[in-house]
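Just below is one structure, and these are the notes that go with it.
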Amino acid sequence: FESQKNPFFAGKKFLITAGPTHEAIDPVRFIGNHSSGKTGFALADEIANRGGEVMLITGPTNQKVQFDSVRCLNVVSAEEMFNAVKEHWQKTDVGIFTAAVADYRPVNPANQKIKKSQENLSVELMRNPDILAWCGANRSDHQRIVGFALETENLKENGAKKLEKKKANMIVLNTTADQGAAFGHDTNKISILDDHNNFKTFELKSKKEVASDILDYLKTYES
Ligand code: C5P
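So for the sequence shown, the numbering used here puts the first residue at 18; every next one is plus one.
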């Protein structure tokens, strides 16, 4: 890290969600996804590097933060992540929602390991709370919200809908259609759409560089 303490970031309180969530089916099984947490952790480190305060609320990942000043809260399920975010939202200046939150969870997770018996097995699922949308609905004027969207088509159009629905200031769009981009990879290719209708597309870069681009954009957005 090239130290770049910056008056925009100094003393600002950032809340970041990162990683996947795991939704229990029984005590040993879960529904999850391939999110690595790399983008959220890269953002946390870069914000700390620039002098910001970070509360990182993360699902299960192998990532480690490099800056001791980053406060880390480990959660497992979407509900746990939601509770942690709600607890910290009021004192947040900027929320960055990189987590790949599971959209559904099993209605009745079993207390004991499910035995195999019948040929087919159904697990009933119910919707999880939308954490970002809750923050958007419970925001005060000074708070800034950055959402992420993984879209496979009509990037800008779908991004604009998401921006409005979730009351976010910026949506970072990435697409699995780009080679070497998004889930699990070390690189990503993003576009950013903001609520002033500015749209900017970036080159394929390392997730560290992507984090810097997002933070530079945020700084410009505010000025
Ligand atoms: O609606 P969609 O899942 O595409 O929105 C993605 C954005 O919303 C991401 O920023 C993600 O972290 C956030 N999100 C959330 N809680 C959910 C679902 C998505 O915070 N339950």
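No residue lacks a Cβ here, since even glycine has one placed at the ideal position from N, Cα and C.
Values in this document were obtained by computation on a predicted structure and should not be read as measured data.
Examine the ligand C5P and report whether any of its heavy atoms sits within less than 6 Å of the Cβ of residue i.
i, result
"Asn145", "yes"
"Ile33", "no"
"Gly164", "yes"
"Ala116", "yes"
"Ile231", "no"
"Leu149", "yes"
Quick one: Cα of residue i to Cα of residue j, how far?
i, j, result
"Phe165", "Phe84", "24 Å"
"Val93", "Lys182", "26 Å"
"Met143", "Thr204", "33 Å"
"Thr78", "Glu97", "15 Å"
"Met72", "Arg88", "5 Å"
"Met187", "Tyr121", "25 Å"
"Met43", "Gln135", "Reading the sequence as shown, one finds Asp at residue 43 and not Met. Approximately 17 Å between the Cα atoms of the pair."
"Glu168", "Gly54", "18 Å"
"Ser270", "Ile64", "Outside the shown range of the chain, which is 18 to 240, sits residue 270, and nothing can be said about it."
"Phe31", "Phe47", "30 Å"
"Asp110", "Ile74", "15 Å"
In its own chain, which residues sit with a C-beta less than 6 Å from the C-beta of residue i, not counting the 5 before and 5 after it?
i, result
"Phe99", "Pro146, Ile148"
"Leu138", "none"
"Glu141", "Val124"
"Gln80", "Gly54, Phe58"
"Ala117", "Pro37, Asn50, Ser52"
Keeping to the same chain, check which residues put their C-beta closer than 8 Å to that of residue i; ignore five residues upstream and five downstream.
i, result
"Asn23", "Arg67, Gly68, Lys236"
Within the same chain, show all residues whose beta-carbon is closer than 7 Å to that of residue i, passing over the 5 residues directly before and after it, in chain order.
i, result
"Thr115", "Ile33, Thr34, Ala35, Thr56, Gly57, Leu60, Phe165"
Do the region 120 to 133 and the region 204 to 216 meet, that is, are 3 or more Cβ pairs less than 8 Å apart?
no
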